[in-house]
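Trainee: Chains as they are written, first to last, in the numbering used here: chain B, 662 to 918; chain U, 248 to 345.
Shown below is the structure under consideration.
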């Protein structure tokens, strides 16, 4: 039973592994900019498994910023994993041994979560372990290959690889804007505010990591106050977040299949 | 050595974010504003990280604008993550070589 779920998870995880491999090559290339060694970049990918978080960390590490700033940036950038974790807490069997929750949590990423919520009924942790056991090596080895290849690739390819990373970010936040009309203006306001923060020299005293934190907290809070999301009746814990992320994952899954 | 401390700090923070709701959450979050805030955060943070940083991926800004616009349109139309990512990567590569 668990064995079947594990194998099924591995099989479903293969497209995720391939995608991770490509994107993590760009992460490895970007890691060079923070003067990380190949070993450090690889350890970071293995232990963190967060594209946006790792990418943002490079500027913070390169600047020699305080640990607190790094913590804050990771907490804010990865807050979406917190939402997914909420959703998974409703999806597992309450009788499941507690240690499974500790291991499953490590594998919460946009794509693995997308696979997990797509399973019918209660989620068997072994399904997630199957997906994790192929996706995590893909992410880690891609990073290693990326950082080792930086000296060898021409700038045009390195630039294009950067585009792949931003393309992935866009593909995470844009599909939901189609279903939730309010998201589109919020996304454009976020981009506009970010451009203003970046371009006006008055804000130069704020580090790039802090800019992300401040903008995210202020804009999200303003949006939550101005456009609160109506609760759907009979929803169990973090319901709308789950529904929203599920819709998003469904979109990806459908295109992938 | 300092880099390893950075990596450890990151890894612990990210793990806590992932593990806390899954292990502690027994009740649903009731506060509507807080729930809305949590829902909006991922979109805002990724949008902020993407723009205007995406414009400096190449020396030629117009190429970056084309890649950015293509990614936004494809993603809005629910083209899969890996196709958006690789398609725009290929587009930017080709435009640079022209």
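All residues carry an ideal CB built from backbone N, CA and C; glycine is no exception.
Could you tell me which chain U residues have their CB closer than 9 Å to the CB of residue 855 of chain B, listed as they occur along the chain?
Mentor: Neighbours of residue 855 of chain B on chain U, chain order: 294, 295, 296, 297, 298, 299, 300.
Trainee: Label residue 846 of chain B either buried or exposed according to how many other C-beta atoms from any shown protein chain fall within 10 Å of its C-beta, with 16 as the threshold for buried.
Mentor: Under this definition residue 846 of chain B is an exposed residue.
Trainee: Relative to the alpha-carbon of residue 272 of chain U, which residue among B:838, B:770, B:747 has its alpha-carbon at the smallest distance?
Mentor: Of the listed residues, the one whose Cα sits closest to residue 272 of chain U is B:747.
Trainee: Say whether chain U places a C-beta atom closer than 9 Å to the C-beta of residue 873 of chain B.
Mentor: At least one chain U Cβ lies under 9 Å of residue 873 of chain B.
Trainee: Identify each residue in the stretch 257-272 of chain U for which the Cβ-Cβ distance to at least one residue of chain B is less than 9 Å, and report them in chain order.
Mentor: Those would be 257, 258, 259, 260, 261, 262, 263, 264, 265, 266, 267, 268, 269, 270, 271, 272, in chain order.
Trainee: Cα separation between residue 328 of chain U and residue 727 of chain B?
Mentor: The straight-line gap from Cα to Cα measures roughly 34 Å.
Trainee: Who are the neighbours of residue 322 of chain U on chain B, taking C-beta pairs under 7 Å?
Mentor: Within 7 Å Cβ-Cβ: 831, 832, 835, 836.
Trainee: Quick check on DSSP: helix, strand or coil for residue 328 of chain U?
Mentor: It is helical.
Trainee: Distance check for residue 709 of chain B and residue 682 of chain B, CA to CA, integer angstroms please.
Mentor: Taking the straight line joining both Cα atoms gives about 15 Å.
Trainee: Pick helix, strand or coil for residue 272 of chain U, following the three-state DSSP scheme.
Mentor: Three-state DSSP puts residue 272 of chain U in coil, outside helix and strand.
Trainee: With burial defined as no fewer than 16 other Cβ atoms inside 10 Å of the residue's Cβ, what is the status of residue 815 of chain B: buried or exposed?
Mentor: Classification for residue 815 of chain B: exposed.
Trainee: What's the gap between the Cα of residue 733 of chain B and the Cα of residue 757 of chain B?
Mentor: The alpha-carbon atoms of residue 733 of chain B and residue 757 of chain B are separated by roughly 32 Å.
Trainee: Return helix, strand or coil for residue 337 of chain U, following the three-state DSSP convention.
Mentor: Residue state, collapsed to three classes: helix.
Trainee: For residue 737 of chain B, I'd like the list of residues in its chain whose CB is within less than 8 Å of its CB, leaving aside the five on either flank, ordered along the chain.
Mentor: Same-chain partners within the cutoff: 873, 874, 877, 878.
Trainee: Using a Cβ cut-off of 8 Å, which residues of the stretch 278-290 of chain U contact any Cβ in chain B, in chain order?
Mentor: Taking 8 Å as the Cβ-Cβ cut-off against chain B, the residues of the stretch 278-290 of chain U that qualify are 279, 280, 281, 282, 283, 284, 285, 286, 287, 288, 289, 290.
Trainee: Per DSSP, residue 679 of chain B is paired with what?
Mentor: Looking at the DSSP assignment, residue 679 of chain B forms no beta bridge with any residue, so it has no partner.
Trainee: How about the stretch 292-310 of chain U and the stretch 766-783 of chain B: do they share at least three Cβ pairs that are nearer than 8 Å?
Mentor: Touching, no, given that fewer than three Cβ pairs across the two stretches are closer than 8 Å.
Trainee: Please name the residue in B:673, B:760, B:687 whose C-alpha comes closest to that of residue 808 of chain B.
Mentor: When each option's Cα is compared against that of residue 808 of chain B, the closest is B:687.
Trainee: Runs of 4 residues minimum, wholly inside the stretch 272-298 of chain U: which ones carry the alpha helix (DSSP H) assignment?
Mentor: Taking only runs of at least 4 residues, the alpha helix (DSSP H) segments lying wholly in the stretch 272-298 of chain U are 279-297.
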